[in-house]
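This report refers to the structure that appears directly beneath it.
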Amino acid sequence: GYTQPWYSVRGVAGPVGGDMGYLTCFLRDGDRVFLTYSTTGRGNERVNGSLGLLDMTPYGRGEAWEDNPQGRPEGGSPCWSWRSDADGNATWGPTSRPVPQWTRPGATPVETLGRRSHHH
């Protein structure tokens with residue numbers, strides 16, 4: 003099996019941590035560490051299967067560049083829906099919503115879905 007450890011740097015100050023939405027790889031050689039790869043925004047799509055699923059839906063991600071039928075809300079900029087609350091505001095906190103609701107402004111926030119504890 004794959005034995006390489008994975009770590010989260012959420013809440014860790016830069017340059018290692020920082021804002022969420024980064025995919026970064028480091029190589030450690032003894033007491034030296036090398037940054038070997040880093041991407042953010044659209045570069046993270048390859049590891050986010052949720053976006054592939056949204057791309058298969060009739061209205062996609064709801065981004066402004068996509069064609070929308072008459073009466074359908076105008077989409078936002080690329081990545082606008084990633085972890086947004088019911089009002090479309092970006093958030094990584096308890097008011098964010100499950101993936102299927104990312105592109106649905108006004109949809110139920112996580113805290114009203116019967117969850118009683120922290121889930122990963």
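In this note's numbering, the protein residues as written are 3 to 122. Here a beta-carbon is modelled for each residue, glycine too, at the ideal position from N, C-alpha and C.
For residue i, the residue or residues it bridges with in DSSP
i	result
residue 34	31
residue 40	26
Residue i to residue j span [Cα, whole Å]
i	j	result
residue 62	residue 73	16 Å
residue 89	residue 70	20 Å
residue 38	residue 29	7 Å
residue 56	residue 32	42 Å
residue 34	residue 41	21 Å
residue 93	residue 36	31 Å
residue 2	residue 53	Not covered by the structure: residue 2. The range shown for the chain is 3 to 122.
residue 68	residue 6	39 Å
residue 18	residue 91	26 Å
residue 120	residue 16	Summary for residue 120: the model assigns pLDDT 49, below 50, so the residue's position carries little reliability; its value from the coordinates is reported in the next sentence. Rounded to the nearest angstrom, the two C-alpha atoms are 25 Å apart.
residue 75	residue 14	37 Å
residue 60	residue 11	35 Å
Rounded Cβ spacing between residue i and residue j (contact assumed at less than 8 Å)
i	j	result
residue 77	residue 65	4 Å
Specify whether the stretch 22–31 and the stretch 41–54 touch according to this definition: at least 3 beta carbon pairs, one from each stretch, less than 8 Å apart.
Verdict: yes, contact present.
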